[in-house]
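Asks: Pasting in a structure now, in structure tokens, and then I'll have a few things to ask.
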Amino acid sequence: MALLEVKELSKSYGSIKAVSSVNFTVNAGEIFGLLGPNGAGKTTTISMLSCLLKPDSGDALVDGKSIIKEPMEVKKRIGVVPQDVSLYPTLSAQENLVFFGEMYGLTGARLRGKVDEVLEVVDLKDRRKETINKYSGGMKRRINIAVGLLPSPQLLILDEPTVGVDPQSRTNILETLKELNNQGLAILYTSHYMEEVEFLCHRIAIMDLGKIIAIGDLNELRLLVGERDLLRISTSNQITPVLIEDIKKIPDVGETRVLDESMEILTLHGRKLLPQIIEKFGDNSVKIRSVEVKEPPLKVSSAPTSTFIV
Amino acid sequence: MWTSTPFTINIEVLNKDGGDISKLLITDVFGSSDLKDMVNIKAAISEAEIRDDINDGKIAAGVIIPAGFSDAVYNDQNVSIVVLGDPAQTIKAGVIKNIVESFTLEIVKRQTVIRTFMNVIAPDSSINPAEIQRLIPVWLDEIGKQNNLVLVSAVTEKRYTNDIVPMDYYAVGMAVLFLLFATNAGAETIFEERRIKTFDRIRTFPVSNGMILGGKILGISLIALAQFLIIIFFTTLVYKVNWGDSIPGIIVLILCSVAAFAGFSTLLASITKSENQIGNIGPALGMIFGFLSGGMMPVFVFPKWLNIASKFTPNRWAIDGFIKLTNEGGTFVSVLPQCGMLILMAGIFFLIGILRLKEV
Chain A
-9 MALLEVKELS KSYGSIKAVS SVNFTVNAGE IFGLLGPNGA GKTTTISMLS
41 CLLKPDSGDA LVDGKSIIKE PMEVKKRIGV VPQDVSLYPT LSAQENLVFF
91 GEMYGLTGAR LRGKVDEVLE VVDLKDRRKE TINKYSGGMK RRINIAVGLL
141 PSPQLLILDE PTVGVDPQSR TNILETLKEL NNQGLAILYT SHYMEEVEFL
191 CHRIAIMDLG KIIAIGDLNE LRLLVGERDL LRISTSNQIT PVLIEDIKKI
241 PDVGETRVLD ESMEILTLHG RKLLPQIIEK FGDNSVKIRS VEVKEPPLKV
291 SSAPTSTFIV
Chain B
683 MWTSTPFTIN IEVLNKDGGD ISKLLITDVF GSSDLKDMVN IKAAISEAEI
733 RDDINDGKIA AGVIIPAGFS DAVYNDQNVS IVVLGDPAQT IKAGVIKNIV
783 ESFTLEIVKR QTVIRTFMNV IAPDSSINPA EIQRLIPVWL DEIGKQNNLV
833 LVSAVTEKRY TNDIVPMDYY AVGMAVLFLL FATNAGAETI FEERRIKTFD
883 RIRTFPVSNG MILGGKILGI SLIALAQFLI IIFFTTLVYK VNWGDSIPGI
933 IVLILCSVAA FAGFSTLLAS ITKSENQIGN IGPALGMIFG FLSGGMMPVF
983 VFPKWLNIAS KFTPNRWAID GFIKLTNEGG TFVSVLPQCG MLILMAGIFF
1033 LIGILRLKEV
């Protein structure tokens, strides 16, 4: 049974549809990545799953508990690590953890034990007495994660926890999360860094403009994207507008891009279409120097290259 | 500027006695040919009415004759007539005070003479009636020189000193103002929590929004309460300010005031957009409320419209309550109207504030 089941979740801000009928599941012991550029709707989705925002429609169940009907029960089962460092800057790491631990209902020896445990996990036990405003960005992020671990959650939800963190700290954080998952913790992880989700996640959903546009494990996604080929054809003479129009008329040809004396063509089943495409070049008297067939990158960012994603 | 308006004194009399001696004061003294054109008497139905009319400047003084006054005089028991005066009309109030004191002095003197005659002279019949007639004025004159006999007027004098000791008034005004500042500072932390995102983080914890806000308000209230208690302690110790004898009254009034100011600060937090805004608007409003409510100067010097306007501020009700306790010998029960108003204001402020905070 899925630990988290998201069903047709939607949220709009005025006329802007931030999240539109999103569906996915996260299984126990799984790390699930929500990948997408800024503004894709990841944080809105996370906010709804954390019971901070009420969805306009749809629902999500955490361990069978509805985020709409039983938000308190849901909150008991999740730990949330927000995108921003949400700590009291003038308190020490330990004081922050004690305060938040008490808010989770921990007291006495149980609280002290849990604070020690999470400090150990994020490897900041030695610097527990320092105030947060003296910490580096990476250390703050680690304490931010430690707070999310205080309630011993079944599901840890992290919203881009490595934003603005140096590479070494990022690696530490990712290693820590991997280790927590090895101990059985299910994780929902959002990011716009492909390499992070590639490293961490068992399954990934790619979000853009409020919708999930692809979902699967890393291999499935590669395969999905891999069904499309990127043909790069270099020529000896100028590519004419007529040739471009002819190429676009071929069924299953997607985006085209002309770069000086070469042309990139995104196609479905590019290898099969290659003879037909080469023929069009001949018809237009454009001499081919070389042909490359590539898999397009599985890359998500705000840059225009995201148009290569299915 | 100059006027020929005759000097008249408006007073109210609450006669709970109805006996011979109280009637004597009202009809034969205040109603005497010497005074009837100068003193306008109106019968009051309660002490509260007298206090309200003094506060509103309608009368210069109020005379309260307690139940059983005449009998107490006849039976030689200690008894007091209470004179409440408007500190803004000290001359007129002083005249009434002197009249009442003269009256009570006269009663005591005559009582003493009659007692002496009945107990000492009459049984012996050693002095003839003509001699007695000659001696009575002499005795009265002699008795009049002995202040320690005048129990009634001594009590009256004490009760009259309703003029507020400036330091007492200032201490109350400042303490109430600090209460408002303390709760405003607390409300600023709501914005701080939003800025550093800890508010949103806590909202993901298994606690309701009501508990979060309730905890916040409780924290603000406790800090305000602690500040108020420090002010009471300090002013009592250093300036010998009299905070009254009613500890329950003080505690309940502080709690009600804290509730009203915490509500006001919640409302303020809901209509402002940042720590900076509330940091600027809060103290400014605090000062306006301070002036308006009589925190800086007594409300009896205000014109009527300002006096009415001040009743829309929680400060006014808090100050009125504390003044009752500190200067009028008020008790827990006597400050219940002020407490009621403060709780009502707290309810309205919280309701609007929380509804607005939920929207944002």
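Protein sequences appear in the order of chains A and B. Read left to right, the first sequence gives residues -9 to 300 (this note's numbering). Read left to right, the second sequence gives residues 683 to 1042 (this note's numbering). Ideal Cβ positions, reconstructed from N, Cα and C, are used throughout, including at glycine. These numbers were taken from a predicted model, which means no experiment stands behind them.
(1) Using the three-state DSSP reduction, which class does D710 of chain B fall into: helix, strand or coil?
(2) Buried or exposed, going by whether 16 or more other CB atoms sit within 10 Å of the CB of K1 of chain A?
(3) Distance, Cα to Cα, V832 of chain B vs K779 of chain B?
(4) Can you find a C-beta in chain A that's less than 9 Å from the C-beta of V889 of chain B?
(5) Of all the CB atoms in chain A, is at least one closer than 9 Å to the CB of K879 of chain B?
(6) Does I268 of chain A get closer than 9 Å to chain B when you measure Cβ to Cβ?
(7) With distance defined between alpha-carbon atoms, name the residue in B:T917, B:L935, B:R792, B:I899 nearest to P848 of chain B.
(8) Threshold first: 3 residues or longer. Then list the beta strand (DSSP E) segments lying entirely within the stretch 225 to 252 of chain A, N to C.
(9) Among B:G701, B:F915, B:I723, which has the Cα closest to the Cα of I693 of chain B?
(10) CA-CA distance, S704 of chain B and L696 of chain B?
(11) Report the CB separation of E870 of chain B from E957 of chain B in whole angstroms; it is logged as a contact under 8 Å.
(12) Between the Cα of R132 of chain A and the Cα atoms of A:N162, A:L146, A:P157, which residue gives the shortest distance?
(13) Nearest-angstrom Cα distance between E120 of chain A and F89 of chain A?
(14) Within 9 Å of any Cβ in chain A, is that where the Cβ of I884 of chain B sits?
(15) Quick one: which chain B residues come within Cβ less than 7 Å of M93 of chain A?
(16) Does the CB of Y78 of chain A have a neighbour CB from chain B at under 9 Å?
(17) Please compile the residues from chain B whose C-beta is within a distance smaller than 9 Å of the C-beta of L139 of chain A.
(18) Starting from the beta carbon of P72 of chain A, find every residue of chain B whose beta carbon is closer than 7 Å, and list them in chain order.
(19) Mapping DSSP to helix, strand and coil, what is Y179 of chain A?
(20) DSSP beta-bridge partners for N692 of chain B?
(21) Roughly how many angstroms separate the alpha carbons of T344 of chain A and V137 of chain A, rounded to a whole number?
(22) Report the residues of the stretch 8 to 40 of chain A with a CB closer than 8 Å to any CB of chain B, ordered along the chain.
(23) Starting from I205 of chain A, follow its DSSP beta bridges and name the residues at the other end.
(24) Could you tell me if L178 of chain A is buried or exposed, where buried requires 16 or more neighbouring beta carbons within 10 angstroms of its beta carbon?
(25) Checking the sheet assignment: what are the DSSP bridge partners for E282 of chain A?
(26) For chain B, check one thing: does any of its Cβ atoms lie closer than 9 Å to the Cβ of L(-7) of chain A?
(27) Using DSSP's beta-bridge definition, name the partner residues of G767 of chain B.
(28) Going along chain B in order, which residues have a C-beta closer than 9 Å to the C-beta of M62 of chain A?
(29) Can you tell me whether S40 of chain A is buried or exposed? The criterion is at least 16 other CB atoms within 10 Å of its CB, across all chains shown.
(30) Starting from I68 of chain A, trace the beta strand (DSSP E) in both directions and tell me its first and last residue.
(31) If you measure between the beta carbons of F636 of chain B and A864 of chain B, is that distance less than 9 Å?
(32) List the residues that DSSP assigns as beta-bridge partners of S2 of chain A.
Replies: By the coordinates alone:
(1) helix
(2) buried
(3) Confidence is the limiting factor: at V832 of chain B the pLDDT is only 38, short of 50, which leaves the residue's position unreliable, though a coordinate-based value still follows. Whole-angstrom Cα-Cα distance: 15 Å.
(4) yes
(5) True, the Cβ-Cβ gap to chain A drops below 9 Å.
(6) no
(7) B:T917
(8) With a minimum length of 3 residues, the unbroken runs of beta strand (DSSP E) contained wholly in the stretch 225 to 252 of chain A fall at 243 to 249.
(9) B:I723
(10) Computed Cα separation, rounded: 10 Å.
(11) At roughly 5 Å, the Cβ-Cβ gap stays under 8 Å, so E870 of chain B and E957 of chain B are in contact.
(12) A:N162
(13) 15 Å
(14) yes
(15) Result: I884, F887, V889.
(16) Interface with chain B (9 Å Cβ-Cβ cutoff): Y78 of chain A is included.
(17) None at all; the shortest Cβ gap to chain B is about 13 Å.
(18) K879, D882, R883
(19) strand
(20) B:N722
(21) Given a span of -9 to 300 for chain A in the structure shown, any question on residue 344 of chain A remains unanswerable.
(22) Near chain B, meaning a CB-to-CB distance below 8 Å, the residues of the stretch 8 to 40 of chain A are S40.
(23) A:A195
(24) buried
(25) A:R222
(26) no
(27) B:A743
(28) Those within 9 Å of M62 of chain A in chain B are P888, V889, S890.
(29) Buried, since its Cβ has 16 or more Cβ neighbours within 10 Å.
(30) 68 to 71
(31) Any answer about residue 636 of chain B is impossible in this case: the structure gives chain B only from 683 up to 1042.
(32) A:K7
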